[in-house]
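A short write-up of the structure that comes next.
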Amino acid sequence: MPNNPTLTRRHALGTLAVAFGAAILPGASLALTETEASNLIGQMVDDLNGIINSGRSESAMFSEFEALFAKYADVPIIAQSALGAAWRGASAGQRNSYVAAFRGYMARKYGKRFREFIGGKIVVTGTQLVKSGYLVSSVVKLSNGKPFEVEWQVSDKSGRNKMFNMFIEGISLLATERTEIGAMLDRRNGNLNQLIEDLKTAS
(Lines of atoms letter the chains of each structure in order from A and count residues from 1; the text may use other names and numbers.)
(Lines give C-alpha, C1' and ligand atoms only; values in the text may rest on other atoms or scores of the structure.)
Protein backbone atom coordinates (compact mmCIF):
# COMPACT_ATOMS: atom_id res chain seq x y z
CA MET A 1 0.00 0.00 0.00
CA PRO A 2 1.61 3.37 -0.98
CA ASN A 3 2.61 5.86 1.69
CA ASN A 4 0.48 8.96 2.19
CA PRO A 5 2.96 11.83 1.59
CA THR A 6 0.98 14.28 3.73
CA LEU A 7 0.90 11.94 6.71
CA THR A 8 4.57 11.07 6.20
CA ARG A 9 5.51 14.77 6.19
CA ARG A 10 3.46 15.44 9.32
CA HIS A 11 4.98 12.44 11.08
CA ALA A 12 8.49 13.63 10.20
CA LEU A 13 7.78 17.18 11.37
CA GLY A 14 6.23 15.90 14.57
CA THR A 15 9.19 13.60 15.28
CA LEU A 16 11.67 16.42 14.72
CA ALA A 17 9.69 18.78 16.92
CA VAL A 18 9.47 16.26 19.78
CA ALA A 19 13.24 15.88 19.53
CA PHE A 20 13.57 19.69 19.52
CA GLY A 21 11.50 19.82 22.71
CA ALA A 22 13.75 17.21 24.29
CA ALA A 23 16.76 19.40 23.49
CA ILE A 24 15.48 22.28 25.61
CA LEU A 25 14.11 20.01 28.36
CA PRO A 26 16.65 17.15 28.50
CA GLY A 27 15.65 13.82 29.99
CA ALA A 28 12.25 12.33 30.69
CA SER A 29 10.33 13.68 33.64
CA LEU A 30 10.14 11.17 36.49
CA ALA A 31 7.70 13.03 38.76
CA LEU A 32 5.04 13.94 36.19
CA THR A 33 2.56 11.12 35.59
CA GLU A 34 0.49 10.28 32.54
CA THR A 35 -2.70 11.08 34.46
CA GLU A 36 -1.38 14.48 35.56
CA ALA A 37 -0.35 15.38 32.01
CA SER A 38 -3.71 14.27 30.62
CA ASN A 39 -5.62 16.13 33.34
CA LEU A 40 -3.63 19.33 32.78
CA ILE A 41 -4.44 19.38 29.08
CA GLY A 42 -8.02 18.28 29.76
CA GLN A 43 -8.51 21.29 32.06
CA MET A 44 -6.81 23.61 29.58
CA VAL A 45 -8.95 22.32 26.72
CA ASP A 46 -12.11 22.80 28.80
CA ASP A 47 -11.10 26.42 29.45
CA LEU A 48 -10.15 26.87 25.80
CA ASN A 49 -13.49 25.53 24.60
CA GLY A 50 -15.23 27.93 26.98
CA ILE A 51 -13.33 30.94 25.62
CA ILE A 52 -13.79 29.94 21.98
CA ASN A 53 -17.55 29.59 22.30
CA SER A 54 -18.13 32.43 24.77
CA GLY A 55 -19.38 34.87 22.13
CA ARG A 56 -17.03 37.55 23.46
CA SER A 57 -15.25 40.09 21.28
CA GLU A 58 -11.86 39.32 19.74
CA SER A 59 -10.02 41.65 22.13
CA ALA A 60 -11.75 40.12 25.15
CA MET A 61 -10.85 36.64 23.93
CA PHE A 62 -7.21 37.64 23.46
CA SER A 63 -7.05 38.78 27.09
CA GLU A 64 -8.47 35.43 28.17
CA PHE A 65 -6.09 33.52 25.92
CA GLU A 66 -3.18 35.39 27.50
CA ALA A 67 -4.38 34.41 30.98
CA LEU A 68 -4.82 30.82 29.77
CA PHE A 69 -1.26 30.69 28.43
CA ALA A 70 0.06 32.12 31.71
CA LYS A 71 -1.83 29.44 33.67
CA TYR A 72 -1.12 26.33 31.62
CA ALA A 73 1.91 27.03 29.40
CA ASP A 74 5.56 27.33 30.38
CA VAL A 75 5.80 30.71 28.70
CA PRO A 76 9.37 31.50 29.91
CA ILE A 77 10.67 28.23 28.41
CA ILE A 78 8.81 28.79 25.13
CA ALA A 79 10.00 32.41 24.97
CA GLN A 80 13.60 31.45 25.74
CA SER A 81 13.55 28.75 23.08
CA ALA A 82 12.14 31.18 20.51
CA LEU A 83 14.82 33.79 21.20
CA GLY A 84 17.67 31.28 20.95
CA ALA A 85 21.25 32.43 21.52
CA ALA A 86 20.19 36.05 22.10
CA TRP A 87 18.67 34.97 25.42
CA ARG A 88 22.13 34.40 26.91
CA GLY A 89 23.20 37.98 26.25
CA ALA A 90 19.99 39.56 27.59
CA SER A 91 19.86 41.27 30.98
CA ALA A 92 17.40 40.14 33.65
CA GLY A 93 15.23 43.17 32.90
CA GLN A 94 15.25 42.48 29.17
CA ARG A 95 14.35 38.84 29.77
CA ASN A 96 11.38 39.76 31.95
CA SER A 97 10.14 42.36 29.46
CA TYR A 98 10.61 39.99 26.55
CA VAL A 99 8.72 37.13 28.23
CA ALA A 100 5.81 39.46 29.06
CA ALA A 101 5.69 40.80 25.49
CA PHE A 102 6.01 37.29 24.05
CA ARG A 103 3.06 36.08 26.15
CA GLY A 104 0.80 38.75 24.67
CA TYR A 105 2.13 38.04 21.18
CA MET A 106 1.34 34.33 21.59
CA ALA A 107 -2.16 35.10 22.86
CA ARG A 108 -2.95 37.27 19.83
CA LYS A 109 -1.29 35.04 17.24
CA TYR A 110 -2.63 31.69 18.41
CA GLY A 111 -5.84 33.27 19.66
CA LYS A 112 -6.64 34.16 16.05
CA ARG A 113 -6.11 30.52 15.11
CA PHE A 114 -8.25 29.29 18.00
CA ARG A 115 -11.04 31.66 16.98
CA GLU A 116 -11.29 29.63 13.77
CA PHE A 117 -12.62 26.83 16.00
CA ILE A 118 -15.74 28.81 17.02
CA GLY A 119 -18.73 26.47 16.96
CA GLY A 120 -16.47 23.45 17.29
CA LYS A 121 -14.86 21.57 20.16
CA ILE A 122 -11.43 20.25 21.15
CA VAL A 123 -11.48 16.71 22.58
CA VAL A 124 -8.53 14.97 24.31
CA THR A 125 -7.96 11.53 22.78
CA GLY A 126 -4.83 10.06 24.37
CA THR A 127 -1.47 10.48 26.11
CA GLN A 128 1.93 8.91 25.49
CA LEU A 129 5.33 9.08 27.17
CA VAL A 130 8.03 10.81 25.11
CA LYS A 131 11.63 11.75 25.84
CA SER A 132 10.78 15.20 27.18
CA GLY A 133 7.67 14.30 29.22
CA TYR A 134 4.25 13.43 27.80
CA LEU A 135 2.54 14.11 24.50
CA VAL A 136 -1.22 14.59 24.85
CA SER A 137 -3.28 14.19 21.68
CA SER A 138 -6.53 15.95 20.92
CA VAL A 139 -8.87 16.37 17.98
CA VAL A 140 -10.51 19.62 16.89
CA LYS A 141 -14.05 18.87 15.76
CA LEU A 142 -15.25 21.77 13.64
CA SER A 143 -18.90 22.58 13.03
CA ASN A 144 -18.37 22.84 9.28
CA GLY A 145 -15.01 21.29 8.47
CA LYS A 146 -12.87 18.19 8.65
CA PRO A 147 -11.53 17.27 12.13
CA PHE A 148 -7.78 17.65 12.64
CA GLU A 149 -5.23 16.84 15.32
CA VAL A 150 -3.61 19.13 17.88
CA GLU A 151 -0.96 17.70 20.22
CA TRP A 152 0.47 19.19 23.40
CA GLN A 153 3.83 18.45 25.03
CA VAL A 154 3.82 18.54 28.83
CA SER A 155 6.74 18.51 31.28
CA ASP A 156 7.50 19.40 34.90
CA LYS A 157 11.16 20.26 34.31
CA SER A 158 10.62 23.91 35.29
CA GLY A 159 9.18 22.82 38.65
CA ARG A 160 5.49 22.75 37.72
CA ASN A 161 3.39 20.72 35.31
CA LYS A 162 3.19 22.89 32.18
CA MET A 163 2.53 22.65 28.47
CA PHE A 164 5.66 23.76 26.59
CA ASN A 165 4.91 22.90 22.98
CA MET A 166 1.91 22.52 20.71
CA PHE A 167 1.55 20.84 17.33
CA ILE A 168 -1.24 21.84 14.97
CA GLU A 169 -1.42 19.15 12.30
CA GLY A 170 2.20 18.23 13.02
CA ILE A 171 3.58 21.79 12.92
CA SER A 172 5.48 22.67 16.12
CA LEU A 173 4.94 25.93 17.98
CA LEU A 174 8.53 25.84 19.29
CA ALA A 175 10.10 25.32 15.89
CA THR A 176 7.83 27.87 14.22
CA GLU A 177 8.46 30.59 16.79
CA ARG A 178 12.20 30.05 16.87
CA THR A 179 12.25 30.68 13.12
CA GLU A 180 9.88 33.65 13.24
CA ILE A 181 11.32 35.38 16.32
CA GLY A 182 14.83 34.85 14.91
CA ALA A 183 13.79 36.48 11.64
CA MET A 184 12.16 39.39 13.50
CA LEU A 185 15.34 39.94 15.52
CA ASP A 186 17.48 39.80 12.38
CA ARG A 187 15.31 42.45 10.71
CA ARG A 188 16.02 44.68 13.71
CA ASN A 189 19.78 44.06 13.45
CA GLY A 190 19.79 42.13 16.72
CA ASN A 191 18.21 44.98 18.71
CA LEU A 192 16.38 43.09 21.47
CA ASN A 193 14.77 46.20 22.96
CA GLN A 194 13.20 47.03 19.60
CA LEU A 195 11.97 43.45 19.26
CA ILE A 196 10.36 43.66 22.70
CA GLU A 197 8.53 46.87 21.79
CA ASP A 198 7.31 45.46 18.50
CA LEU A 199 6.14 42.18 20.08
CA LYS A 200 3.75 44.19 22.27
CA THR A 201 1.52 44.73 19.24
CA ALA A 202 2.58 41.89 16.92
CA SER A 203 0.36 38.91 16.19
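Okay, so the sequence shown: first residue is 967 according to the numbering used here, each after it adds one. All C-beta atoms, glycine included, are put in the ideal place defined by N, C-alpha and C.
Paired residues, beta bridge with W1118 - DSSP: V1102 and M1132
Range of the contiguous beta strand (DSSP E) that encloses K1075: Per DSSP, K1075 belongs to no beta strand (DSSP E); it is in the alpha helix (DSSP H), A1058 to R1081.
Q1094 classed as buried or exposed, judged by whether at least 16 other C-beta atoms fall within 10 angstroms: exposed
Enclosing beta strand (DSSP E) for G1092 [first to last residue]: K1087 to V1096
CB-CB length for I1088 against V1011, believed under 8 Å: 5 Å
Which listed residue (G1099, M1072 and A1052) has its alpha carbon closest to that of S1004: The residue with the shortest Cα to Cα distance from S1004 is G1099.
Run of the alpha helix (DSSP H) containing T1001, from where it starts to where it stops: Membership of T1001 in the alpha helix (DSSP H) is indicated by the continuous run E1000 to I1018.
I1044, DSSP secondary structure in three states: In this structure, DSSP gives I1044 a helical state, which the three-state scheme calls helix.
CA-to-CA distance, V1090 to I1007, given in whole angstroms: 8 Å
Close-in-space but distant-in-sequence residues of the same chain around A1067 (CB under 7 Å, 5 per side omitted): Excluding residues within five positions, the ones whose Cβ falls inside 7 Å are I1162, L1165 and K1166.
Buried versus exposed, by CB contacts within 10 Å (16 or more), R1074: buried
Exposure label - G993; buried when at least 16 CB within 10 Å: Confidence in G993 is poor, its pLDDT being 46 and thus under 50, which makes the residue's placement too unreliable to answer from.
K1166 - DSSP class collapsed to helix/strand/coil: Per DSSP, reduced to three states, the secondary structure at K1166 is coil, with no helix or strand assignment.
V1102 versus R1153 - alpha carbon distance: 35 Å
Bridge-paired residues (DSSP) for S1138: F1133
8 Å contact criterion, which Y1038 and K1128 should meet: CB distance rounded: Contact flag correct, Cβ pair sits at about 7 Å.
DSSP state of K1037 mapped onto helix, strand, coil: helix
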